[in-house]
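Undergrad:
Numbering (the working numbering), first residue to last: 1 to 135.
1. Taking 7 Å as the limit between beta carbons, can you name the residues of its chain near residue 46, skipping five residues before and five after?
2. Three-state secondary structure (DSSP) at residue 58?
3. For the alpha helix (DSSP H) that residue 137 lies in, which residues bound it at each end?
4. Closer than 6 Å by C-beta to residue 17: which residues in its own chain qualify, once you throw out the five before and the five after it? Chain order, please.
5. By DSSP, does residue 127 sit in helix, in strand, or in coil?
6. Given a cut-off of 8 Å on the beta-carbon distance, is the pair residue 44 and residue 35 in contact?
7. Determine the contact status of residue 103 and residue 130, defining contact as a CB-CB distance below 8 Å.
8. Spatial neighbours of residue 96 within its chain, please: C-beta separation below 6 Å, excluding the five flanking residues on both sides.
9. By how many angstroms is the C-alpha of residue 72 removed from the C-alpha of residue 117?
10. What is the DSSP secondary structure of residue 22, counted as helix, strand or coil?
11. Whole-angstrom Cβ separation of residue 52 and residue 59, contact assumed at under 8 Å?
12. So the candidates are 108, 109 and 93; which of them puts its Cα closest to the Cα of residue 121?
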C-alpha cells in the first residue's frame, strides 16, 4: 500500500514554507507552479486535511500544515542522513566503533582522542568502555 506522504511532497511543502509562496517554491525546485500546486492538492486530498488556508491574499499553513511541515523536516533530514550513511558504509565506514580504554590511561588523552574523532564529523556511533587490562 502506498503511503500518502512522499519525500517529494515534503520537499515541496518545505520549499513553500522557506520561500513564502508557491511560485517561489516552484522556481527553487525547478518546476512550474502548477506542479507545486498539484503536489500540495494531492497531499491534502490523500490526507483528507487542509494544509494551507487559502482564504486570504496568501496561502498560510493550517495547524495541520504546520505539524506536517515540522515533522516532515525531521523525515527529510533522516532520509538525507540515511543516504549519506549508506554511501559512507559502501566506502568502508563502520556504523559503530567500540573502544576499550584502560583505567591507567590519563583521562585527558582519552578526551583528546574523542574530540579528534568527533572533529571528523562521520556518522559513527562511538562507544567508550573503561576496562582494567593489567592486574
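A virtual CB, placed ideally from N, CA and C, is assigned to each residue, including glycine.
TA: Taking the geometry as given:
1. 4
2. coil
3. Shown here, the chain extends from 1 to 135; a query on residue 137 therefore has no answer.
4. Residues of the same chain with a CB within less than 6 Å of the CB of residue 17, apart from the 5 flanking positions on each side, are 69 in chain order.
5. strand
6. no
7. yes
8. 125
9. 31 Å
10. Here residue 22 sits in helix by DSSP.
11. 4 Å
12. 93
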